[in-house]
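Beneath this line is the structure, given in structure tokens, with notes to follow.
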């Protein structure tokens, strides 16, 4: 069940909202937990038990780790303190090991099997037990909820937060349906206070959350779904395409994945506010970045923060030699690529970004950076778009062919009528312009300032706020209606990050 489906928008969400807000305050976590489990069970059936099993392990490990805080443990006898520290380390190892085992089995076992089989086949060794493909279902959101669980036990071990004592609260945190299957990655520290307080109905929070949800929905169904049509057709073409067509395909995919994923994040954050939670922001206009380092401070920020806090800094970060820093960057981004998918092209995508992050620490990049803001901006966009080729293609052979098309190195067939239609289609042209205009804050801020100025001039005093609220409400209704019409007329409606 996706947020942009009719069953979610017109059946599941209204029913859950009614049940949630009519229930007593002390039972709202339970209502949210049950609805989240139903949401996940709708698409994954019995695999909901895998998520619950992972959550129960981490809940138990958190209780063991937090039995005695470090401040209180300082007063204990040395032998008792040593035993408690050992129990905490074992519990942390069990938590991390269980989560990594779940990821390794359900997401990467087939990748490792096929890679090993291919390697052995190059030596003309083909054992039957490793040549048979594995058929293991990949649960939706497994990468997200395992990372959330691990961050919880690590933070408890570091004494950054107290363990959650109520099982229903912890299960609600792990399974909360707004951010369950595609993020943002929410740490327990971000929502622990919201889980424990009485979340009364707040009309301002509800309206702000609804506004954010509608904007995210429109980004997904109006922009991302439209640009997915030419992007998929060009990337999936059976023959090499002309350079202009290939570049148009890369541009469309770059915009598609941004509006698809940021749209989902907006909907998740909006739903969180409706239910009384403040989820962390996940995007901050990443295509306005002027370096790859800045890009990763703006793109999928919850994942970037996770890898920085729980992997890059523990590895040493940039506190050691340049060589060690480069190794840390390559290791972190290779794992970041592997987190996105069990394929060599995802690992290559991560290493590609790690290479440019290392390059930006050299004196050569400092020389290039002196060329000015525009040059830095186009450098960043060029690198990111080439990276998306690695991300989008099915395998490395496909990557090679498509890069050859981009730079005119492949023998291309004639441009087909279908490919030409993408350039002449007025709706796609309008969507392209809209995607560029909304990729940065400039246009939005200008329109806001203009509307405030006009309303202040035409309707002074208290009427100014009335007209502002009325205008925003009419605008949101129009956007919502257009999004609903787009949903009813479209057949292509997946979320890209659901498969991660």
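Numbering (my numbering), first residue to last: 110 to 609.
Beta carbons are placed, not taken as given, at the ideal position from N, Cα and C, and that holds for glycine.
No experiment lies behind these values; they were computed from the predicted model shown.
Query, Result
"Cβ pair residue 293, residue 389 closer than 8 Å", "yes"
"Residues of its chain near residue 400, where Cβ-Cβ distance is below 7 Å and the 5 sequence neighbours each way are ignored", "469, 485, 489"
"Among 113, 152, 517, 432, nearest to residue 356 - alpha-carbon criterion", "517"
"Buried versus exposed, by CB contacts within 10 Å (16 or more), residue 487", "exposed"
"Coarse secondary structure for residue 322, derived from DSSP in three states", "helix"
"Beta-carbon proximity list for residue 448, same chain, < 7 Å, skipping 5 on both sides", "252"
"The stretch 376–386 in contact with the stretch 534–554 per 3-pair CB rule at 8 Å", "no"
"Selection from 360, 416, 445 that minimises the alpha carbon distance to residue 532", "360"
"Residue 134 and residue 309 closer than 8 Å at C-beta", "yes"
"Every unbroken alpha helix (DSSP H) within the stretch 437–511, with a cutoff of 4 residues, ordered by chain", "453–468, 472–478, 482–501"
"For residue 268, the nearest candidate out of 297, 278, 544 (CA to CA)", "297"
"Cβ neighbour criterion (16 or more within 10 Å) applied to residue 594", "exposed"
"Rounded straight-line distance, which links the Cα of residue 374 to that of residue 505", "29 Å"
"DSSP state of residue 392 mapped onto helix, strand, coil", "coil"
"Inter-residue spacing [alpha-carbon to alpha-carbon] between residue 330 and residue 112", "10 Å"
"CB contact flag (residue 174, residue 201, <8 Å)", "yes"
"Option nearest residue 250 by Cα separation, candidates 466, 382, 349, 153", "153"
"Contact between the stretch 435–443 and the stretch 451–460 (3+ Cβ pairs under 8 Å)", "yes"
"Sequence-distant residues of the same chain with beta carbon closer than 7 Å to residue 124, five excluded per side", "none"
"Close beta carbons around residue 116, own chain, < 8 Å, minus the five adjacent residues each side", "110"
"Nearest residue (CA-CA) to residue 587, options 327, 256, 472, 147", "327"
"Boundaries of the alpha helix (DSSP H) in which residue 536 is found, first to last residue", "535–546"
"Under 8 Å between C-beta atoms of residue 325 and residue 385", "no"
"Residue interval of the alpha helix (DSSP H) (run including residue 163)", "157–174"
"Own chain residues within Cβ distance below 7 Å of residue 156, not counting five before or after", "246, 248"
"Per-residue burial, residue 643 [other beta carbons within 10 Å of its own, 16 or more giving buried]", "In the structure displayed, the chain extends from 110 to 609; residue 643 sits before or after that span and is not available."
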